[in-house]
Amino acid sequence: MLVQKELQKINMYKAPRDKLACILNCCKVINNLLLNASIVSNENPPGADEFLPVLIYITIKANPPQLHSNLLYIQRYRRQSRLVSEAQYFFTNILSAESFIWNIDAESLSMDERDFQKKMDLAREHLLGLTASSENQDNQTNFDLREQKTQANRNSDVNLSSKDNLQGLVLDMRKGSDVIDKPVERVPSISDLEKKGAAELLKEDDLNKKIQEYPFFLPVLVI
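Taking my numbering, I'd label the letters of the sequence shown as residues 3 to 225.
Have a look at this one:
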């Protein structure tokens with residue numbers, strides 16, 4: 003409702019004049035609605051007896067943030083010469099509404115004490131249920147976000163591991179291919195050396211290598 007939104011904006015402003023303007027706009031809307039209703043029903047114009055209960059109801063429904071602090075702020079810092087006439091009347095009514103809500107009890111509502119306590123308990127349970135539901139929803143949302151992040155990290159690790167394994171496999175295949183393509187060097191046997199002859203072997207540059215590879219063939223070379 004427009005009348006509730008006007009009152010809820012009181013905490014958005016810093017200047018006491020702007021805060022007071024929110025209260026005046028709310029009260030003017032209520033006063034105009036009551037006046038139009040009286041004209042339609044052909045009744046007398048509304049007075050304080052009709053205006054204050056509606057203002058109390060609107061204040062409860064709007065539940066403006068830090069209402070008490072904002073009202074004290076206006077009282078202390080709004081120039082008193084400006085709190086006159088219509089502004090003073092509506093501001094006094096909002097102070098009365100705030101005081102009534104603050105000190106509300108069964109007697110002020112002309113209710114039985116047990117019925118009043120029962121309804122108050124139900125209202126508290128309803129508010130606590132709404133708060134718990136909101137907290138559970140926030141916790142579930144945070145849990146889902148954490149799960150999605152964890153799953154994304156797991157998928158990333160799996161992809162990296164698969165990529166590393168694939169790269170390792172390719173490297174192994176390349177190494178294996180290099181080994182297969184490289185020709186195997188044939189090592190000469192004792193028979194080959196005997197056929198070649200000692201004289202020719204003595205002429206070769208790698209004689210020392212031959213002696214190291216075939217130590218037991220040394221006597222044959224010496225003879």
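Quick reminder that beta carbons are idealized off the backbone N, C-alpha and C, glycines included.
Just so we're clear, the structure is a prediction, and the values are computed from it rather than from any experiment.
Start and end residues, alpha helix (DSSP H) containing residue i
i: A17; result: Element bounds for A17: n/a, residue is neither H nor E.
i: E45; result: Per DSSP, E45 belongs to no alpha helix (DSSP H) and is neither H nor E.
i: K7; result: 4-10
Reduced DSSP category for residue i - H, G, I as helix; E, B as strand; rest coil
i: Q119; result: helix
i: E109; result: coil
i: I225; result: Note on I225: pLDDT 42, under 50, position unreliable in the model; no value is reported.
i: V181; result: Low confidence applies here, because V181 scores a pLDDT of 45, under 50, leaving its location unreliable and the question unanswered by this model.
i: L220; result: Note that L220 scores 46 on pLDDT, short of 50, meaning its location in the model is unreliable; the coordinates nonetheless yield the value given after this. L220 falls in the helix class under three-state DSSP.
Selection from the options that minimises the alpha carbon distance to residue i
i: E100; options: S110, I62, N46, F53; result: I62
i: K11; options: N65, A50, L37; result: N65
i: F92; options: S40, S43, F53; result: F53
i: M32; options: E45, R78, L9; result: The identity of residue 32 in the sequence shown is Ile, whereas the question assumes Met. Minimum Cα distance to I32 is reached at L9.
i: I58; options: L124, S98, L129; result: S98
i: C24; options: E109, H128, P67, L129; result: P67
i: N27; options: L36, L37, K7; result: K7
i: M3; options: L35, I106, N13; result: L35
i: C29; options: K120, N95, Q82, N105; result: N95
i: N72; options: V5, K21, N38, H128; result: K21
i: I103; options: I76, I60, Q77, N13; result: I60
i: P55; options: N44, S110, N38; result: S110
i: L69; options: K121, H128, N13; result: N13
Item checked: At least three beta-carbon pairs within less than 8 Å, the region 84-91 to the region 111-119 -> no
Could you tell me whether the region 47-57 touches the region 14-22, using the rule of 3 or more Cβ pairs below 8 Å?
no
**Asked** Unbroken alpha helix (DSSP H) runs of length 4 or more, entirely within the region 48-95: which are they?
**Response** 50-64, 69-79
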